[in-house]
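Asker:
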Amino acid sequence: TCGDPPCDPYTFIGSPVFRREIGLDEMREHYLSFFEERGHTRIKRYPVIARWRDDIYLTIASIADFQPFITSGLVPPPANPLTVSQPCIRLDDLDSVGRSGRHLTTFEMMAHHVFNTPEEEIYWKDRTVALCDELLLGLGADPLAVTYKESPWAGGGNAGPSVEVMVGGLELATLVFMDMKVSPQGDYEIKGERYSKMANYIVDTGYGLERFVWASKGSPTIYDAIFPEVVATISDLAGLDSSVSDDERTRILAANARLAGMVDLEDASLRDLRRRISSDIGISAEKLDEIITPLERIYAVADHTRCLAYMLGDGIIPSNVKAGYLARLVIRRTLRQMKDLGIGVPLSDLVSMQISRLDYSDLDERLETIAEILDQEEERYAETLEKGRRLVKRIAEGYGKKSEKIPLSEMISLYDSHGIPPEIAKDAALEAGVEVDLPDNFYSRVASTHIRSEKEGREEVTIDLPETRRMFYERPFERRFVAQVLEVVDGNVILDQTLFYPEGGGQPADRGLIRKGAKAFRVVDVQSAGGVVLHKIAEGESAAFAFEIRPGDSVEGEVDMSRRLAHARHHTAAHIIHDSAKKVLGSHIWQAGAQKSEERARLDISHYKRISREELKEIELLANRMVMENVPISTGWLDRAEAEKRFGFELYQGGVPPGTSIRVVQVGSDVEACAGTHCTNTGMIGPIKVLRTERVQDGVER
1 TCGDPPCDPY TFIGSPVFRR EIGLDEMREH YLSFFEERGH TRIKRYPVIA
51 RWRDDIYLTI ASIADFQPFI TSGLVPPPAN PLTVSQPCIR LDDLDSVGRS
101 GRHLTTFEMM AHHVFNTPEE EIYWKDRTVA LCDELLLGLG ADPLAVTYKE
151 SPWAGGGNAG PSVEVMVGGL ELATLVFMDM KVSPQGDYEI KGERYSKMAN
201 YIVDTGYGLE RFVWASKGSP TIYDAIFPEV VATISDLAGL DSSVSDDERT
251 RILAANARLA GMVDLEDASL RDLRRRISSD IGISAEKLDE IITPLERIYA
301 VADHTRCLAY MLGDGIIPSN VKAGYLARLV IRRTLRQMKD LGIGVPLSDL
351 VSMQISRLDY SDLDERLETI AEILDQEEER YAETLEKGRR LVKRIAEGYG
401 KKSEKIPLSE MISLYDSHGI PPEIAKDAAL EAGVEVDLPD NFYSRVASTH
451 IRSEKEGREE VTIDLPETRR MFYERPFERR FVAQVLEVVD GNVILDQTLF
501 YPEGGGQPAD RGLIRKGAKA FRVVDVQSAG GVVLHKIAEG ESAAFAFEIR
551 PGDSVEGEVD MSRRLAHARH HTAAHIIHDS AKKVLGSHIW QAGAQKSEER
601 ARLDISHYKR ISREELKEIE LLANRMVMEN VPISTGWLDR AEAEKRFGFE
651 LYQGGVPPGT SIRVVQVGSD VEACAGTHCT NTGMIGPIKV LRTERVQDGV
701 ER
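Structure below.
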């Protein structure tokens, strides 16, 4: 058989597969050391918020650390081969957490990766499987109990064959041999998409840290294996019924985990699952529900609080959009479970307890901020519940008049738009005599619609001309230049080189003139398409321009320098304000947007509360101190891998630029990947005045 559910049930529960019990920290270190001893370089974990990606918000797998630039071959890997233990977050199965005995929102994917090229193969399938076998047998697994199952794999724009590794019915690892990329005209179809072969071929493995620990202990659930102290503390806080013996509870949980492992909880009704378990173990469904429901809530709280430790520790600010939406979703589901359990301590206490047990010191440094964020979210949640009940009753009355249930779409809207949890909405609707369409996997459905980023902006246009030489980086304060005309099309002129800055990064385009002889034409807009800079000629002048100027002609450009200087000052000031805000408000500050003009600039930052008058004064004071110190400003192009190694993902405050090299701008301690124009020293900016702040959306201050 296939070796795992639904073909085979779990056999490791009560019968561990390794020679002894292993804890999380010990297992992680054993794995990383094992691969270090076999020629792999250990690298540090990446954040759980995928700052280097523009398509996903959360780090969902270790390979996500290296997509798209490294897997595509544009950028070299940080080491080759390498090993890492990467914390990951997946919310697709949020409703199954606690119920199934195995699902987690947060898990560590222990991995070893190899980036093979046509010129050099380090190792491929045989060596990968041999290393897996050696690891398992070294831990004491019975070689006859290990099953390897082949299956196709796809994810993140790549695909390839894979091998799933099962022991005792539990999938412990997946070994992926990534050798394809998404291609509409590709020769291969996997999971409904077309793929073509890549020149590079990559070993992408994922070993579940928590599952290895579970398999070593053989406990009824994964939660008992990895959170024993946390589960015990939450159980005490919840006043778990002591009339049920530990042996009876263990027997029920083991039966639940075995059966839940055999079904897909996304499709199976929770009621049907309960009925099957009660029949198997010989107690009533009501009694089973009475025993197991509080335990499932305890497990969910244990899991979710660890998830929040990583989310908030890595800088996610709860809000109504993007990664912040997902953090708030987990927070509110946790608070609901705590309320149902009768737990009266603050959520921040439980998250702090999780952080104290995690082997990552960087999370400890943010404990105070994390606690403040959670306390504030708890207050907001209470306010939402109070307002929400009244709103739901009004909506329920409308459906009641039509003798209809409140549909799922309305329930999702109540949560998305008003933050009203489905359980609260259901209770309020039933009080009004109206039924509700509420599936068991409600939270998973909501999360799945918010997991991926929607790319913004215009579709990239490709122009079949050489890239324009961007002289404004070499000589940012020169006014005039000479260039050759390459093409004139639709009122736009394309030159071989230019001093005109094209709109981008929140900075408006330059304006000015293009001259040929005695005739001058106004440039009113500048855009970039595929590396080619297009200079828009003013309406009413473009026809004459096209008549007068031909490809191959030499022209003179003149930039409006007062506009350029104003933009450079405001752009540089935005860097300084951002850095000052981070020093005053905390390291969680992240740029959420920016816009510059000749008269003023605005900067949007992620922050969990309003900025006080005193904090604003301190930010302004620090910014002007930087101006007075006349600090030199450094700009230059760096290899992407080198830039990330030196400065981390804080580089990507303004988004993730494409390419193997990125332009890095350093203003004091603020270092960002930035394509705009800047002053050469902070003294050029002049006095900085912050006119006002406003809350542009939940979790974002302008």
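Using my numbering, the first residue of the sequence shown is number 1, and each one after it goes up by one. The C-beta atom is built at its ideal place from N, Cα and C for all residues, glycine as well.
(1) Quick check on DSSP: helix, strand or coil for G683?
(2) If you check the beta carbons only, do G531 and V523 fall under 8 Å apart?
(3) Could you please give the first and the last residue of the uninterrupted beta strand (DSSP E) stretch that includes P152?
(4) Taking V559 as the reference, which of D510, G168, G552, E435 has the closest Cα?
(5) Where does Q86 sit, in a helix, a strand or coil, going by DSSP?
(6) Please classify G140: does DSSP put it in a helix, a strand, or coil?
(7) Within the same chain, show all residues whose beta-carbon is closer than 7 Å to that of S183, passing over the 5 residues directly before and after it, in chain order.
(8) To the nearest angstrom, how far is it from the Cα of R692 to the Cα of E598?
(9) Look at the alpha carbon of L131 and the alpha carbon of R45, and state the distance between them as a whole number of angstroms.
(10) Closest by CA to L172, which one among L565, V627, Y31, V321?
(11) Evaluate the contact criterion for the region 272–281 versus the region 13–29: three or more CB pairs, one atom per stretch, below 8 Å.
(12) Give me the residue from L341, Y325, W153, E286 with the minimum Cα distance to P299.
(13) Where DSSP assigns a beta bridge to K711, which residues make up the other side?
(14) Using the Cβ count rule (16 or more neighbours within 10 Å means buried), how would you classify P68?
(15) Excluding five sequence neighbours on each side, which residues of the same chain lie with their C-beta closer than 6 Å to the C-beta of L253?
(16) If distances are taken between C-alpha atoms only, which option among S413, Q595, R19 comes closest to G654?
(17) To which residues of the same chain is I633 closer than 8 Å at the C-beta, ignoring the five residues directly before and after it?
(18) Quick check: what's the CA-CA separation for L329 versus I316?
(19) Can you list the alpha helix (DSSP H) stretches of 4 or more residues lying completely in the region 446–532, in chain order?
(20) Bridge partners for A173 per DSSP, in chain order?
(21) Classify F227 as buried or exposed, calling it buried when 16 or more other Cβ atoms lie within 10 Å of its own Cβ.
(22) Please work out which residues of its chain come closer than 6 Å, Cβ to Cβ, to E539, disregarding the five sequence neighbours upstream and downstream, and give them in chain order.
(23) Can you tell me where the alpha helix (DSSP H) holding E378 begins and where it ends?
(24) Considering only the alpha carbon of each residue, which of E296, S356, I122, I292 lies closest to N200?
(25) Is DSSP giving L650 helix, strand or coil here?
(26) Would you call the region 392–399 and the region 342–357 touching, i.e. three or more CB-CB distances under 8 Å?
(27) Measuring straight from C-alpha to C-alpha, what distance separates L486 and V533?
(28) May I ask which residues mark the beginning and end of the alpha helix (DSSP H) holding N624?
(29) Please state if the CB of M353 and the CB of T498 are separated by a distance shorter than 8 Å.
(30) Quick check: what's the CA-CA separation for V696 versus E435?
(31) Where Q376 and V84 are concerned, what is the direct C-alpha to C-alpha distance, given to the nearest angstrom?
(32) Report the CB separation of T305 from T334 in whole angstroms; it is logged as a contact under 8 Å.
(33) Is it buried or exposed, W637, if we count other Cβ atoms within 10 angstroms and call 16 or more buried?
(34) How big is the Cα-Cα spacing for G169 and V231?
(35) Got a sec? Which residues, its chain only, sit under 6 Å from N80 by beta carbon, not counting five neighbours each side?
(36) Among the candidates Q337, R475, N492, Q86, whose CA atom is the shortest distance from the CA of I463?
Answerer: So, from the data block:
(1) G683 falls in the helix class under three-state DSSP.
(2) For G531 and V523, no; Cβs fall outside 8 Å.
(3) Start and end: 146–155.
(4) Out of D510, G168, G552, E435, D510 has the C-alpha closest to the C-alpha of V559.
(5) In this structure, Q86 counts as strand in the three-state DSSP scheme.
(6) In this structure, G140 counts as coil in the three-state DSSP scheme.
(7) Within the same chain, S183 has close Cβ partners R194, Y195, S196.
(8) If I take the Cα positions, the gap works out to 18 Å.
(9) One C-alpha to the other measures close to 22 Å.
(10) The candidate whose alpha carbon is nearest that of L172 is Y31.
(11) Put simply, the region 272–281 does not touch the region 13–29. Fewer than three CB pairs are less than 8 Å apart.
(12) Residue identity differs from the one stated: residue 299 is Tyr in this sequence, not Pro. Check the Cα spacing between Y299 and each of L341, Y325, W153, E286: the tightest is with L341.
(13) With the chain covering only 1 through 702, there is no way to say anything about residue 711.
(14) Answer is buried; the Cβ neighbour count reaches 16.
(15) When the five nearest sequence neighbours on each side are left out, the beta carbons in the same chain lying within less than 6 Å of the beta carbon of L253 are those of P220, T221, in order along the chain.
(16) G654 has its Cα closest to that of Q595, out of S413, Q595, R19.
(17) T572, V665, Q666, V667, H678, C679, T680, N681, T682, listed in sequence order.
(18) Straight through space, the alpha carbons of I316 and L329 are spaced by roughly 12 Å.
(19) Counting whole runs of 4 or more residues, the region 446–532 contains the alpha helix (DSSP H) stretches 471–474.
(20) A173 is bridged to V165, Y207.
(21) Burial call: buried.
(22) There are no such residues.
(23) Unbroken alpha helix (DSSP H) run through E378: 367–401.
(24) Closest by alpha carbon: I122.
(25) What sits at residue 650 in the sequence shown is Glu, not Leu. Helix.
(26) Verdict: no, contact absent.
(27) Cα atoms of L486 and V533: separation of roughly 11 Å, rounded to the nearest angstrom.
(28) Residues 613–628.
(29) No; because the gap between Cβ atoms is not below 8 Å, this pair is not in contact.
(30) About 37 Å.
(31) Just so you know, the alpha carbons of Q376 and V84 end up roughly 35 Å apart.
(32) 7 Å between Cβ atoms; contact.
(33) Counting of Cβ neighbours within 10 angstroms places W637 among the exposed residues, the total staying below 16.
(34) G169 and V231: Cα-Cα distance of roughly 25 Å.
(35) Result list for N80: F115, in chain order.
(36) When only C-alpha atoms are compared, the closest one is N492.
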